[in-house]
Amino acid sequence: PPAPRAGRPPARAGGRAGGGVGRPADAGVVAGAGALALLLKQHAAAASADELAFLLTPTAWLVELVSGYAFPFERGSGPMNRELAIVIAPSCAGTNYAVVAFTSLVAGFVTRFRSLRHKLAFALAAGAAAYCATLLVNGLRVLVTIHSRDGALADAGLGAAAVHRAEGVVIYLGSLFAL
10 PPAPRAGRPP
20 ARAGGRAGGG
30 VGRPADAGVV
40 AGAGALALLL
50 KQHAAAASAD
60 ELAFLLTPTA
70 WLVELVSGYA
80 FPFERGSGPM
90 NRELAIVIAP
100 SCAGTNYAVV
110 AFTSLVAGFV
120 TRFRSLRHKL
130 AFALAAGAAA
140 YCATLLVNGL
150 RVLVTIHSRD
160 GALADAGLGA
170 AAVHRAEGVV
180 IYLGSLFAL
């Protein structure tokens with residue numbers, strides 16, 4: 010058999026180098042994360058602003074903190090600023106971003122942990138990190154929207170919806186790479 014690489018213990022019979030619970034546990038944790046992600050997607054698809062308040066309200070709070078504009082929560086609509094004519098609506102809750110961030114973190118890093126307990130602890134931490142990242146990125150997107158409404162892209166003839174969509178793609182994709 011080939012000599013073990015420097016710094017790594019030799020592979021054990023029937024297992025991976027360094028021991029651990031192996032691929033079935035990795036697959037189980039990733040499958041569990043995927044199932045949770047699908048449940049969130051399913052819930053968000055038909056959810057009202059009130060049902061997504063766990064994402065919308067903290068996002069509005071962050072936007073208020075940074076911008077100084079008030080975004081009181083209006084039942085049935087979500088956080089709203091009438092002066093700016095901006096609603097942080099259910100479609101802006103960031104559930105797709107949260108799903109991608111969570112599943113990417115779990116699938117990308119769970120194999121680095123040896124024990125099932127550590128894999129599960131990491132999955133919980135990944136969920137918390139994805140939630141916090143979702144709030145920060147959504148807040149950034151709303152702040153960019155506030156400050157870009159009369160900017161160069163609008164002057165270039167792009168409609169408000171196209172500008173908002175482009176901002177979202179750049180912000181969400183860029184933050185996923187950073188995550």
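Residues 10 to 188 in my numbering are what the sequence shown lists, from first letter to last.
Just so it is clear, CB atoms sit at the ideal spot from N, CA and C, and this is done for glycine as well.
Counting only beta-carbon separations shorter than 7 Å, does ALA55 have a partner in chain C?
Considering every chain present, this structure includes no chain C. It has just one protein chain.
For ALA54, count neighbouring Cβ atoms within 10 angstroms of its own Cβ and tell me buried if that reaches 16, exposed if not.
Translated into positions along the sequence shown, residue 54 becomes position 45. Counting the other CB atoms within 10 Å of its CB gives ALA54 a total below 16, which places it among the exposed residues.
Taking Cβ to Cβ, would you say ALA58 is nearer than 7 Å to SER86?
As a working mapping, residue 58 is identified with position 49 in the sequence shown. As a working mapping, residue 86 is identified with position 77 in the sequence shown. Taking C-beta atoms as the reference points, ALA58 and SER86 count as a pair closer than 7 Å.
Beta-carbon proximity of ILE155 to SER76, cut-off 7 Å:
Your numbering for residue 155 matches position 146 in the sequence shown. Your numbering for residue 76 matches position 67 in the sequence shown. Yes.
Between ALA69 and PRO99, is the Cβ-Cβ spacing less than 7 Å?
Locating residue 69 in the sequence shown gives position 60, counting from the first residue. Locating residue 99 in the sequence shown gives position 90, counting from the first residue. It is not a contact, given that the beta carbons lie outside the stated cut-off.
Give the secondary structure of THR103 by DSSP, where H, G and I count as helix, E and B as strand, and everything else as coil.
By 1-based counting over the sequence shown, the position of residue 103 is 94. The displayed chain sequence assigns Gly, not Thr, to residue 103. It is coil, neither helix nor strand.
Cα separation between PHE63 and VAL153?
Along the sequence shown, one-based indexing puts residue 63 at 54. Along the sequence shown, one-based indexing puts residue 153 at 144. For the pair PHE63 and VAL153, the Cα-to-Cα distance works out to about 22 Å.
What are the partner residues of PRO88, as DSSP defines its beta bridges?
Counting from 1 along the sequence shown, the entry for residue 88 is found at position 79. In the DSSP assignment, PRO88 forms a beta bridge with PHE82.
The alpha helix (DSSP H) spanning GLY43 covers which residue range?
Translated into the one-based positions of the sequence shown, residue 43 becomes position 34. First-last of the alpha helix (DSSP H) with GLY43: 32-54.
Beta-carbon proximity list for LYS128, same chain, < 8 Å, skipping 5 on both sides
Numbered from its first residue, the sequence shown carries residue 128 at position 119. Closer than 8 Å at Cβ, skipping near neighbours: VAL30, ALA34, ASP35, VAL38, VAL119 and PHE122.
How is ILE97 classed by DSSP in three states: helix, strand or coil?
Position 88 of the sequence shown, counting from 1, holds the residue named residue 97. Of the three classes helix, strand and coil, the one that applies to ILE97 here is coil, per DSSP.
DSSP on ALA58, reduced to helix/strand/coil?
Start at 1 with the first residue of the sequence shown, and residue 58 comes out as number 49. Coil.
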